[in-house]
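Chemist:
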Amino acid sequence: MVGRDADNRILVGGAAAAFCVLIVATLVVKGSTGLQWIMSGMTVGSIYALIAMGFSVIYSSTHVINFAQGEFSMLGGVLMFSLVTRGHLPTWLGFIIAVLIVTAIGAGLERVAIRPMRNHSVISVIIVTIGLAIALRATAKWIWGTDPVRVTAFSSGTRVKILGAYLPPQSFWVFGFAAVAVVLVFLFFNRTLLGKGMRAAAMNPDAASLVGVSSSTSSLVAWTIAAALGSAAGIVIAPIILPSFSSGAMLGLKGFSAAVVGGLGSAPGAVVGGLVLGVLETITAGVLPTGYKDAIAFLLLILVLLVRPQGLLGRAEDVKV
Amino acid sequence: MLRVDKLSTFYGNIQALRDVTIRARRGQITTIIGANGAGKTTLLRTVSGLNKARHGLVIYEDRDITNMQPSRIVHAGISQVPQGRQVFGEMTVGENLALGAYVRRFRERGEIEDDRRMVYELFPVLEERASQVAGTLSGGEQQMLAVGRALMSHPRLLLLDEPSMGLAPKVIQSIFRTLLALHEQGLTILLVEQDAKIALETADYGYVMRTGKVALEGEAGELLENEEVKRIYLG
Ligand SMILES: Nc1ncnc2c1ncn2[C@@H]1O[C@H](COP(=O)(O)OP(=O)(O)OP(=O)(O)O)[C@@H](O)[C@H]1O
Ligand SMILES: [Mg+2]
Chain A
4 MVGRDADNRI LVGGAAAAFC VLIVATLVVK GSTGLQWIMS GMTVGSIYAL IAMGFSVIYS
64 STHVINFAQG EFSMLGGVLM FSLVTRGHLP TWLGFIIAVL IVTAIGAGLE RVAIRPMRNH
124 SVISVIIVTI GLAIALRATA KWIWGTDPVR VTAFSSGTRV KILGAYLPPQ SFWVFGFAAV
184 AVVLVFLFFN RTLLGKGMRA AAMNPDAASL VGVSSSTSSL VAWTIAAALG SAAGIVIAPI
244 ILPSFSSGAM LGLKGFSAAV VGGLGSAPGA VVGGLVLGVL ETITAGVLPT GYKDAIAFLL
304 LILVLLVRPQ GLLGRAEDVK V
Chain B
15 MLRVDKLSTF YGNIQALRDV TIRARRGQIT TIIGANGAGK TTLLRTVSGL NKARHGLVIY
75 EDRDITNMQP SRIVHAGISQ VPQGRQVFGE MTVGENLALG AYVRRFRERG EIEDDRRMVY
135 ELFPVLEERA SQVAGTLSGG EQQMLAVGRA LMSHPRLLLL DEPSMGLAPK VIQSIFRTLL
195 ALHEQGLTIL LVEQDAKIAL ETADYGYVMR TGKVALEGEA GELLENEEVK RIYLG
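This is how it looks when you write it as structure tokens:
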């Protein structure tokens, strides 16, 4: 075991070192253009991180991989279009309403579609989440049509220049919201009894049941948090990506890869996985022909599953196949 | 206080409990002894709702709690100290105790603090270790924490599954002294043990389980004198 632990540390350390070398090389060779790539990468990476956390929260309390996670982000984006761009509500109000609507949808779906499946296998529940994703996508297509929508940025103004790199103001909103969301999730799981109960249930389900943690409540809370995180992510990134009914699939896939890379079930892992994926994608987009960018998520996913299935920050005993 | 009637529990096709009937009387310590695999843990898990009964009834304070959700059974006033302690290893001692009071989180703030103080009086070492991660406690300390955590839900009936497992005689003595103290305060206790001697010396009434059935029952003092019990379990 000691030998394997050491091996694992070398593997994770090696991956971290390789990533740092890549960052430094990009900065040295490309200068401010490289910095530009890295900052844009961190912007989308923050979004992937939030979506990854949604995957992780549901996974660690129910062992379900929620394939409708990306649709929460899509819904956040298109709702923002209706409320703010079309409905002319102030951005903050639109944000709150959109998050509340999607969160209510997430909680409602858990009650009507997931909870009735509680005596079925995890695989059956995962298939239900695929069904939910298809249903949400179809509903969005029916309401918002097939064309991507353009969502107003949170603040007007031109690009901000830092050390020769240009960032849209929306990037700072993304960083800010992501940081706040990560802190809120951390506080929930580490400072509230409800959150600690969910962590306890992830560690030892029977013992958690014996102190009265209800798996049904945990599942509802997990879906609520995942929907809130997903929608917030979809909303703040909306002005950058032109959301449409189908944009949830790609966001979901990227978030899932990020979660697996960081270690499914690990919140810090989700953040690291998201940022790493985002930065690798933009660097790839910069140096390789377009189209390769979206393959990075698959590549990382396959690589991690082959070499270290528990992810960078996950622990081996957490992996249940 | 607790009545288990003809309870049968299965693991797949394997029957682990066969028409088990037992009582735990209010204010008494009732013990269940038996060899490995007799079904003692399965019985406690079925009472707590972790395993589902196929036939039979669990009646607690005149209420049918058979196959209720485990959390609702804790709400009803039954708390279990599971076999192998099962503390939340990555959390601190204090957090483990706080989770013990999980079902009372919306009310009784003051009472929860009183209970925490009571647990610290029973097990002073837990107070010293309050901010230590539970996984790094010794086996005896973990057992004390498991008992303390179960007490934090303020149960009227405490189920214990082999609290002596893997502990040194001195530690076992101290845990059983605590159980007697709780008994004196009026707590009803259902104690599963492999260590038949200490269990029967502590309890008022006892059951002997064998291959999923109750083989023998009687006053604890009588069981201690019973030839068969002496030969098989005390020998
Ligand atoms: N999860 C399980 N799946 C299948 N069979 C099980 C399971 N748990 C227990 N059993 C079987 O049920 C029977 C009763 O087991 P149980 O754990 O209740 O015994 P016990 O009296 O508590 O034993 P011990 O003193 O070793 O703890 C045993 O034959 C055991 O092999
Ligand atoms: Mg047992």
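For the protein sequence lines, the chains are A and B, in the order given.
Residue numbering for the first sequence follows this note's numbering, beginning at 4 and increasing consecutively.
Residue numbering for the second sequence follows this note's numbering, beginning at 15 and increasing consecutively.
Just so it is clear, CB atoms sit at the ideal spot from N, CA and C, and this is done for glycine as well.
These figures come from a predicted structure and were not determined experimentally.
1) When the cut-off is 8 angstroms and only beta carbons count, does Met201/A lie next to chain B?
2) List the residues of chain B whose Cβ lies closer than 8 angstroms to the Cβ of Met120/A, in chain order.
3) Roughly how far, in whole angstroms, is the beta-carbon of Ser37/A from the beta-carbon of Val282/A, given that I think they are within contact range, below 8 angstroms?
4) For Lys323/A, count neighbouring Cβ atoms within 10 angstroms of its own Cβ and tell me buried if that reaches 16, exposed if not.
5) Considering only the alpha carbon of each residue, which of Gly73/A, Gly17/A, Ala300/A lies closest to Leu278/A?
6) Taking any heavy atom of ligand 2 as the mark, which residues have a C-beta closer than 7 angstroms to it, listed down the chain?
7) Distance check for Gly251/A and Val307/A, CA to CA, integer angstroms please.
8) Please work out which residues of its chain come closer than 6 angstroms, Cβ to Cβ, to Val15/A, disregarding the five sequence neighbours upstream and downstream, and give them in chain order.
9) Do Glu109/B and Gly149/B count as a contact pair if the criterion is CB distance below 8 angstroms?
10) Using a C-beta to C-beta distance shorter than 7 angstroms, which residues of chain B count as neighbours of Gly215/A?
11) Using a C-beta cutoff of 8 angstroms, does Arg163/B count as contacting chain A?
12) Please confirm if Pro96/B has its CB atom under 8 angstroms from at least one CB of chain C.
13) Quick check on Met4/A: buried or exposed, where buried means 16 or more other Cβ atoms within 10 Å of its Cβ?
14) Which complete alpha helix (DSSP H) runs does the region 238 to 270 of chain A hold, if anything under 4 residues is left out?
15) If you measure between the beta carbons of Ala210/B and Ile47/B, is that distance less than 8 angstroms?
16) How is Gly70/B classed by DSSP in three states: helix, strand or coil?
17) Is the separation between the beta-carbon of Glu74/A and that of Ala136/A shorter than 8 angstroms?
18) Apply the 10 Å Cβ neighbour rule to Ile28/B and answer buried if 16 or more other Cβ atoms are within range, or exposed otherwise.
19) Tell me which residue opens and which closes the beta strand (DSSP E) that Arg1/A is part of.
20) Name the two residues that bound the continuous alpha helix (DSSP H) containing Thr296/A.
21) Relative to ligand 1, is the shortest distance from any of its heavy atoms to the C-beta of Gln208/B smaller than 7 angstroms?
22) For Val18/B, list the residues DSSP reports as bridge partners.
23) What are the complete beta strand (DSSP E) segments, minimum 3 residues, inside the region 133 to 167 of chain A?
24) Does DSSP put Thr225/B in a helix, a strand or coil?
25) Judging by CA-CA distance, which residue of Met206/A, Thr220/A, Leu232/A is the nearest neighbour of Val329/A?
26) My guess is that Ser167/B and Val117/B are in contact by the Cβ rule of under 8 angstroms, so how many angstroms apart are they, rounded?
27) So what's Leu92/A in DSSP terms, helix, strand or just coil?
28) From this set, Leu113/B, Met223/B, Pro177/B, which residue's C-alpha is nearest Ser85/B's C-alpha?
29) Under a CB-based cut-off of 8 angstroms, is Leu196/A close to chain B?
30) Quick check: Arg143/B and Val101/B, are their CB atoms within less than 8 angstroms of each other?
31) With 8 angstroms as the threshold, decide whether the Cβ of Ser269/A is near any Cβ in chain B.
32) Please confirm whether Lys20/B and Asp33/B have their CB atoms less than 8 angstroms apart.
33) What is the DSSP secondary structure of Ala30/B, counted as helix, strand or coil?
34) How big is the Cα-Cα spacing for Asp321/A and Ser63/A?
35) Note down the Cα distance separating Met179/B from Ala49/B, rounded to an integer number of angstroms.
Modeler: Once the coordinates are examined:
1) Position 198 of the first sequence, counting from 1, holds the residue named residue 201/A. So no, Met201/A is outside the interface.
2) Start at 1 with the first residue of the first sequence, and residue 120/A comes out as number 117. Those within 8 angstroms of Met120/A in chain B number zero; the least Cβ separation is about 16 angstroms.
3) The residue you call residue 37/A lines up with position 34 of the first sequence. The residue you call residue 282/A lines up with position 279 of the first sequence. What sits at residue 37/A in the sequence shown is Gly, not Ser. Not confirmed; about 11 angstroms, so no contact.
4) Here residue 323/A corresponds to residue number 320 of the first sequence, with the count starting at 1. Residue placement at Lys323/A is poorly supported in this model, since its pLDDT is 38, which falls under 50; the coordinates still yield a value, given next. Under this definition Lys323/A is an exposed residue.
5) As a working note, residue 278/A is residue 275 in the first sequence. With distances taken between Cα atoms, Leu278/A lies closest to Ala300/A.
6) Lys54/B, Thr55/B, Gln97/B, Asp175/B, Glu176/B, Val206/B
7) By 1-based counting over the first sequence, the position of residue 307/A is 304. By 1-based counting over the first sequence, the position of residue 251/A is 248. Roughly 23 angstroms separates the two Cα atoms.
8) Here residue 15/A refers to the residue found at position 12 when the first sequence is read from its first residue. Counting only Cβ-Cβ distances below 6 angstroms, and skipping sequence neighbours, we find Leu315.
9) In the second sequence, the residue the question calls residue 149/B occupies position 135. In the second sequence, the residue the question calls residue 109/B occupies position 95. It is not a contact, given that the beta carbons lie outside the stated cut-off.
10) Translated into the one-based positions of the first sequence, residue 215/A becomes position 212. Those are Ser85, Val88, His89, Tyr116, Val117, Ser167, listed as they occur along chain B.
11) Position 149 of the second sequence, counted from the first residue, corresponds to residue 163/B. It does; some Cβ of chain A falls within 8 angstroms.
12) As a matter of chain content, chain C is missing from the structure shown, whose protein chains are A and B.
13) Start at 1 with the first residue of the first sequence, and residue 4/A comes out as number 1. Reliability fails at Met4/A, whose pLDDT of 42 lies under 50, so the model's placement of it is uncertain and the value that follows must be treated cautiously. That one is exposed.
14) 250 to 265
15) By one-based count along the second sequence, residue 210/B stands at place 196. By one-based count along the second sequence, residue 47/B stands at place 33. Result yes, Cβ atoms of Ala210/B and Ile47/B sit closer than 8 angstroms.
16) Within the second sequence, the letter at position 56 stands for residue 70/B. Strand, per DSSP.
17) To locate residue 74/A, count along the first sequence from 1; it is residue 71. To locate residue 136/A, count along the first sequence from 1; it is residue 133. For Glu74/A and Ala136/A, yes; Cβs fall inside 8 angstroms.
18) In the second sequence, the residue the question calls residue 28/B occupies position 14. Under this definition Ile28/B is an exposed residue.
19) Summary: the structure shown does not reach residue 1/A, with chain A confined to residues 4 through 324, and so no result is reported for it.
20) Translated into the one-based positions of the first sequence, residue 296/A becomes position 293. Here the sequence assigns Lys to residue 296/A, which means Thr is not the residue at that position. No alpha helix (DSSP H) contains Lys296/A, which DSSP labels as neither H nor E.
21) Translated into positions along the second sequence, residue 208/B becomes position 194. Yes; taking the cut-off as 7 angstroms, the Cβ of Gln208/B has a heavy atom of ligand 1 nearer than that.
22) The residue you call residue 18/B lines up with position 4 of the second sequence. The partner list for Val18/B (beta bridge, DSSP) reads Ile36/B, Val72/B.
23) 163 to 165
24) Residue mapping note: residue 225/B aligns to position 211 of the second sequence, counting from 1. Of the three classes helix, strand and coil, the one that applies to Thr225/B here is coil, per DSSP.
25) Given a span of 4 to 324 for chain A in the structure shown, any question on residue 329/A remains unanswerable.
26) Looking up residue 167/B in the second sequence gives position 153. Looking up residue 117/B in the second sequence gives position 103. Contact holds; Cβ gap of about 6 angstroms.
27) Taking the first residue of the first sequence as 1, we reach residue 92/A at position 89. Three-state result, Leu92/A: coil.
28) Along the second sequence, one-based indexing puts residue 85/B at 71. For Ser85/B, the nearest C-alpha among the options comes from Leu113/B.
29) The residue given as residue 196/A occupies position 193 in the first sequence. Taking Cβ atoms only, chain B reaches closer than 8 angstroms to Leu196/A, which makes this a yes.
30) The count along the second sequence starts at 1 and reaches residue 143/B at position 129. The count along the second sequence starts at 1 and reaches residue 101/B at position 87. The answer is no: Cβ separation not under 8 angstroms.
31) Residue numbering aside, residue 269/A sits at position 266 when the first sequence is read from its first letter. Chain B contact via Cβ: absent.
32) Position 6 of the second sequence, counted from the first residue, corresponds to residue 20/B. Position 19 of the second sequence, counted from the first residue, corresponds to residue 33/B. Yes, the Cβ-Cβ distance between Lys20/B and Asp33/B is below 8 angstroms.
33) Mapped onto the second sequence, residue 30/B falls at position 16. Three-state result, Ala30/B: strand.
34) Working through the first sequence from its first residue, we reach residue 321/A at position 318. Working through the first sequence from its first residue, we reach residue 63/A at position 60. Reliability of the predicted coordinates at Asp321/A is poor, the pLDDT of 47 falling under 50, and the value obtained from them is presented with this limitation in mind. Roughly 9 angstroms separates the two Cα atoms.
35) Residue numbering aside, residue 179/B sits at position 165 when the second sequence is read from its first letter. Residue numbering aside, residue 49/B sits at position 35 when the second sequence is read from its first letter. When rounded, the distance between both Cα atoms is 13 angstroms.
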